[in-house]
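Protein chains in written order, with this note's numbering: chain A, -16 to 297; chain B, 486 to 765.
And the structure:
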């Protein structure tokens, strides 16, 4: 696992520094950054060995996905890994993922994707179209009309595309939450008010301890999401996305509370992570969406809760 | 005992503990030493044959069922010396001078006890680990206590009784499903966190921050369950709630405040986590 993470992390530091992320968010070219990912071979991380990929498991990919969140990478790298694992003849270029539920859908990284992989009742479809900007400043999400689709290229994966997107999203949240927790602790030790670093105030320490708890819960839940086979079970996807989405809102709130006014400025890096946390907690099913599905599955089982969660992750 | 005990202590006590022949209680809190554990005053003074103990412990879980206590005692200096001068000793609760009084709690049970020591003589080999290193040893011990299943499963009987009720009445509206799902996702996550801590403990590490984190999140979950389930049941007056579910609900509701007191209060744990984050 760490043998892949280290080179991946090095590459992210190299190709996705804050200035490059910011440039793409302001409409700059994605060409150079995407070229680096395409060349690296990491896009085929989940592609089975017999198809020429690296054949990594989801558990192996999890730390890579977290790293993408930690660096606020402005491209659908994890999504493309999933699409290429699902389809042997996936088109080149960045691929975003969504499910056609009838209504228009907002897709993270939709504006910087070349292709949208859509699941409908008929299967998986590729659409080579840029979506419409959402009008939300600096957001790379796009709105797509999924009403008219070309013929499907493959059947939908077991458990649905949304489960795969949800475990990726949970890992991205965990990575961004980790970065925010580090930034917030560092800021609390630097910022002086009332003659001492604000991190010495017990009131702030208690809030930041809770932030760290939420950050670790998001990491562990997203690991559970990636602990099993590809594609994940309903319980795995629901646990990961429910816990991570709940943590996302709380972590973002405390990060802003501690940073004070400077944290809401465009210039400060904080917003690159907190904006994403909110976008990601709502994408691919919110906390409540997954809780309802998990609740229905749990109520269908006559056993005890401890046995239920033990067997689900055995 | 495995980490700090002598060969003779391990050989004597551990097989008997495993066979269920010996029960230990853990003597930490005293009337004047709750969250501020380092201020304990109960002393063990050297004698010609070993140690003599005087003082009092309180809130000792199951002392009335225990054969022995592993106690944090002051063996030198005064409580002003804080972490220095503390040691862990094994006390035979049947020894002359030991008095154990159970404390009845608000739910009608007696889990805790007061334990009094009046010139209790202990042999020299009652000392566990090194004299003066009691604080370090007890801190390592708390990492076990704070990340175990009892820090996440205290209310799980109520959760199961409520789920059985929902199944019996056939309620499956979306608010109910979401609540069941939320509890299930958190339980799965807490279990994985507890196991991750256990794995580190098994490697001989002392994950003090991580264990504090599991306990704070776990006890918040345990305390939220009776509030949310009580609210849910009382929001559905058309459903018959059987007597056992009601008693379980009220029992857990009454004892829930203790979840974030025992083994370190919520505020103490958050202070430990903040230190682990590099604050202070």
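For each residue, glycine too, the CB sits at the ideal point set by N, CA and C.
According to the Cβ coordinates, are residue 163 of chain A and residue 234 of chain A closer than 9 Å?
As a working note, residue 163 of chain A is residue 180 in the first chain. As a working note, residue 234 of chain A is residue 251 in the first chain. Their beta carbons are under 9 Å apart, which means residue 163 of chain A touches residue 234 of chain A by this criterion.
Once DSSP output is grouped into helix, strand and coil, what is the label at residue 615 of chain B?
Along the second chain, read from residue 1 onward, the residue named residue 615 of chain B stands at position 130. Note: residue 615 of chain B maps to coil in three-state DSSP.
Is residue 44 of chain A near residue 16 of chain A, with beta carbons less than 9 Å apart?
On the first chain, residue 44 of chain A is found 61 positions in, with the first residue counted as 1. On the first chain, residue 16 of chain A is found 33 positions in, with the first residue counted as 1. In this structure, residue 16 of chain A does not lie closer than 9 Å to residue 44 of chain A by Cβ.
DSSP three-state call for residue 540 of chain B: helix, strand or coil?
For the purposes of this step, residue 540 of chain B is identified with residue 55 of the second chain, where counting begins at 1. DSSP places residue 540 of chain B in strand when its eight states are reduced to three.
Using the three-state DSSP reduction, which class does residue 18 of chain A fall into: helix, strand or coil?
By one-based count along the first chain, residue 18 of chain A stands at place 35. In this structure, residue 18 of chain A counts as helix in the three-state DSSP scheme.
For residue 127 of chain A, which residues does DSSP report across the bridge?
Locating residue 127 of chain A in the first chain gives position 144, where the first residue counts as 1. Answer by DSSP bridge pairing, in chain order: A:88.
What are the residues of the segment 655 to 669 of chain B that lie near chain A, defined by any Cβ-Cβ distance shorter than 8 Å?
657, 659, 661, 662, 663, 664, 665, 666, 667, 668 and 669
Where residue 46 of chain A falls: helix, strand or coil (DSSP)
Counting from 1 along the first chain, the entry for residue 46 of chain A is found at position 63. Residue 46 of chain A falls in the helix class under three-state DSSP.
Residue interval of the alpha helix (DSSP H) (run including residue 719 of chain B)
Position 234 of the second chain, counted from the start, is the residue given in the question as residue 719 of chain B. Start and end: 693 to 719.
Going by C-alpha to C-alpha distance, which of B:705, B:591 and B:624 sits closest to residue 521 of chain B?
Here residue 521 of chain B refers to the residue found at position 36 when the second chain is read from its first residue. The option with the nearest alpha carbon to residue 521 of chain B is B:624.
Comparing alpha-carbon positions, which option in A:123, A:25, A:282 and A:241 lies nearest residue 185 of chain A?
Within the first chain, the letter at position 202 stands for residue 185 of chain A. The shortest C-alpha separation from residue 185 of chain A is found at A:241.
The ligand ATP and residue 263 of chain A: does any heavy atom of the ligand fall closer than 8 Å to the residue's C-beta?
Ligands in the displayed structure: none, and consequently the ligand ATP is not present.
Three-way DSSP call (helix, strand, coil) for residue -11 of chain A in this model:
Counted from its first residue, the first chain places residue -11 of chain A at position 6. In this structure, residue -11 of chain A counts as helix in the three-state DSSP scheme.
Beta-carbon of residue 749 of chain B versus every beta-carbon of chain A: anything under 9 Å?
The residue labelled residue 749 of chain B in the question sits at position 264 within the second chain. Not an interface residue.
Count the CB pairs spanning the segment 191 to 201 of chain A and the segment 254 to 268 of chain A that are closer than 8 Å, and state whether there are at least three.
No, because fewer than three Cβ pairs between the segment 191 to 201 of chain A and the segment 254 to 268 of chain A fall closer than 8 Å, the two stretches do not touch.
I'd like to know whether the C-beta of residue 146 of chain A is nearer than 9 Å to at least one C-beta of chain B.
Reading the first chain from its first residue, position 163 is the one you call residue 146 of chain A. No, residue 146 of chain A does not count as interfacial toward chain B.
Looking at the C-beta of residue -12 of chain A, does it have a partner C-beta in chain B at a distance below 9 Å?
The residue labelled residue -12 of chain A in the question sits at position 5 within the first chain. So, not an interface residue.
According to the neighbour-count rule (16 or more other Cβ atoms, all chains shown, within 10 Å of its Cβ), is residue 290 of chain A buried or exposed?
Start at 1 with the first residue of the first chain, and residue 290 of chain A comes out as number 307. Residue 290 of chain A should be labelled exposed.
Buried or exposed: where does residue 27 of chain A fall if 16 or more other Cβ atoms within 10 Å of its Cβ makes it buried?
Sequence index remark: in the first chain, residue 27 of chain A carries index 44 (1-based). Result: buried.
Chain-ordered residues of the segment 634 to 650 of chain B with a beta carbon less than 7 Å from chain A
638, 641, 644, 645 and 648
N- and C-terminal bounds of the alpha helix (DSSP H) containing residue 245 of chain A
Mapped onto the first chain, residue 245 of chain A falls at position 262. Careful: residue 245 of chain A lies outside any alpha helix (DSSP H) and carries neither H nor E.
Report the residue ranges of all beta strand (DSSP E) runs contained in full by the segment 51 to 113 of chain A; include only those spanning at least 3 residues, in chain order.
78 to 82, 88 to 90, 98 to 103 and 106 to 110
In the structure shown, what three-state DSSP assignment does residue 606 of chain B receive?
In the second chain, residue 606 of chain B corresponds to position 121, counting from 1. Three-state DSSP puts residue 606 of chain B in a strand.
Would you say residue 758 of chain B lies against chain A (beta-carbon separation less than 9 Å)?
Start at 1 with the first residue of the second chain, and residue 758 of chain B comes out as number 273. Residue 758 of chain B counts as touching chain A.
Going by CA-CA distance only, name the one from A:1, A:49 and A:24 that's closest to residue 38 of chain A.
Position 55 of the first chain, counted from the start, is the residue given in the question as residue 38 of chain A. Per the Cα distances, A:24.
List the residues of chain A that residue 733 of chain B touches, going by C-beta distances under 7 Å, in chain order.
As a working mapping, residue 733 of chain B is identified with position 248 in the second chain. Residues of chain A passing the Cβ test: none, with the nearest at roughly 14 Å.
Could you please tell me which residues of the segment 175 to 186 of chain A, in chain order, have their CB closer than 7 Å to any CB of chain D?
Here the protein chains are A and B, and chain D is not one of them.
Given that residue 65 of chain A touches chain B, what residues does it touch there, using C-beta distances under 9 Å?
Taking the first residue of the first chain as position 1, residue 65 of chain A is located at position 82. Per Cβ cutoff of 9 Å: no residues; residue 65 of chain A is ~22 Å from chain B at best.
Buried/exposed call for residue 274 of chain A, threshold 16 Cβ in 10 Å
Numbered from its first residue, the first chain carries residue 274 of chain A at position 291. With 16 or more Cβ atoms within 10 Å of its Cβ, residue 274 of chain A is classed as buried.
Look at the alpha carbon of residue 183 of chain A and the alpha carbon of residue 176 of chain A, and state the distance between them as a whole number of angstroms.
Position 200 of the first chain, counted from the first residue, corresponds to residue 183 of chain A. Position 193 of the first chain, counted from the first residue, corresponds to residue 176 of chain A. Between residue 183 of chain A and residue 176 of chain A, the C-alpha separation is close to 10 Å.
Run down chain B in chain order and give the residues with a C-beta less than 7 Å from the C-beta of residue 287 of chain A.
Taking the first residue of the first chain as 1, we reach residue 287 of chain A at position 304. The contacting residues are 645.
For residue 500 of chain B, report the span of its alpha helix (DSSP H) as first-last.
For the purposes of this step, residue 500 of chain B is taken as residue 15 along the second chain, with counting starting at 1. Here the alpha helix (DSSP H) through residue 500 of chain B covers 492 to 503.
Residue 109 of chain A versus residue 706 of chain B - alpha carbon distance
Here residue 109 of chain A corresponds to residue number 126 of the first chain, with the count starting at 1. Here residue 706 of chain B corresponds to residue number 221 of the second chain, with the count starting at 1. Between residue 109 of chain A and residue 706 of chain B, the C-alpha separation is close to 43 Å.
For residue 572 of chain B, which three-state DSSP category applies?
Counting from one through the second chain, the residue named residue 572 of chain B turns up at place 87. Note: residue 572 of chain B maps to strand in three-state DSSP.
Where does the unbroken alpha helix (DSSP H) through residue 586 of chain B begin, and where does it stop?
Translated into positions along the second chain, residue 586 of chain B becomes position 101. Element bounds for residue 586 of chain B: not the alpha helix (DSSP H) but the beta strand (DSSP E), 583 to 588.
Looking at the strands, I want to know which residues DSSP matches up with residue 601 of chain B.
Here residue 601 of chain B refers to the residue found at position 116 of the second chain. Paired residues: B:541 and B:584.
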